[in-house]
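Each residue of the sequence shown is one higher than the one before, counting from 1 in UniProt numbering.
Just so it is clear, CB atoms sit at the ideal spot from N, CA and C, and this is done for glycine as well.
Contents: one structure, followed by commentary.
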Amino acid sequence: MRIAVLDDDPIFLKLVEATIHQMGHATILFETGEDLLRVMRRESFDLLIVDWLLPGLSGIEVVRALREAGGSKLPILFASQCNEEKDIVAAFNAGADDFMTKPLRVQELMARVSALMRRAYPDVSTMRLDFDPYRLEPHTRTVYLKEQPIELKHREYELAEFLFQNCGRLLSRSHLTEAVWGSTSPSPSRTLDTHASRLRTKLQLGQYHGQGSIYQLSAIYGLGYRMELLPAPEMAQATTAS
């Protein structure tokens with residue numbers, strides 16, 4: 001997972017970075033809300049930790065901007081010295097998912113981050129993932145199309161599972177590369193594009209298969225990829241008729 005941290009205190013940033021790395025996640029650090037919002041036009045993250053009092057845009061303003069821009073799925077944790085009831089209520093009303101007060105308590109931070117991750121990204125290692133007409137079996141790393149198994153290589157399955165789980169979400173190229181190949185991948189851009197192209201062909205994406213919905217993998221120029229859910233033909237006809 002990749003976690004963005006927004007705070008203007010370098011000591012706090014280093015402590016959070018060390019804690020998150022200890023949990024096995026990557027961090028990207030920001031000192032101003034303007035920098036974070038600019039980067040998020042082309043990047044994607046799995047969780048955001050944000051302070052309230054910042055130079056320029058406040059943490060509340062940043063969270064509101066993200067939610068208004070369509071970032072409804074991004075888990076957001078406020079970590080702030082503003083700990084009065086009205087402050088906590090304001091943070092939740094702006095779109096925060098959790099709130100913790102400074103000074104930072106490492107074990108509490110780890111517990112809150114883990115809880116947010118569990119709610120937003122359930123462990124699918126033993127689950128069956130249904131995206132009719134597709135079905136993913138994580139324990140066998142197999143994708144089925146209308147109950148027919150499709151042969152995918154290891155990284156192709158990893159990419160398919162990550163895209164289906166994040167359907168409707170724009171995922172940056174670097175986010176996808178880190179999630180599927182790790183932080184060190186040879187020729188990551190070409191590798192990602194090649195695997196995306198193979199998935200379109202092998203999974204017959206963008207086509208209607210007589211049941212379920214249409215899943216389409218779209219390349220967003222200069223940004224990344226998004227798995228999109230399109231209505232089945234009969235659903236579109238019913239909507240038009242009504």
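| query | Cβ atoms of arginine 118 and glycine 95: under 8 Å apart, would you say? | reply | Annotated as distal: glycine 95 and arginine 118, with beta-carbon spacing of 8 Å or more.
| said: Assuming threonine 27 is part of the beta strand (DSSP E), what are its boundary residues? | reply: Start and end: 26 to 30.
| Nonlocal neighbours in the same chain, by C-beta distance under 7 Å from serine 174, ignoring five residues either side | Answer for serine 174: Glu43, listed in chain order.
| query | Going by DSSP, which residues form a beta bridge with glutamate 158? | reply | Residue pairing by DSSP leaves glutamate 158 without any beta bridge partner.
| query | With a CB to CB cut of under 8 Å and the five nearest residues on each side skipped, what residues in its chain are close to tyrosine 121? | reply | If we look at tyrosine 121 and ignore the five residues flanking it on each side, its Cβ neighbours are Met1, Asp46, Gln165.
| phenylalanine 12 lies in the beta strand (DSSP E); which residues open and close that run? | First-last for phenylalanine 12: 10 to 22, but that is the alpha helix (DSSP H), not the beta strand (DSSP E).
| message | Does proline 133 pass the burial test, meaning 16 or more other C-beta atoms within 10 Å, or should it be called exposed? | response | Burial call: buried.
| query | How about valine 89: is its Cβ closer than 7 Å to a heavy atom in the ligand SAH? | reply | For the ligand SAH, the structure offers nothing, since it holds no ligand at all.
| task | In the DSSP assignment, find the unbroken beta strand (DSSP E) run with glutamate 137 in it and report its ends. | result | 134 to 137 is the span of the beta strand (DSSP E), which, as asked, contains glutamate 137.
| CA-to-CA distance, glycine 224 to alanine 196, given in whole angstroms | If you take the alpha carbons of alanine 196 and glycine 224, they lie about 11 Å apart.
| field | glycine 224, DSSP secondary structure in three states | value | Assignment of glycine 224 by DSSP, reduced to helix, strand and coil, places it in the strand class.
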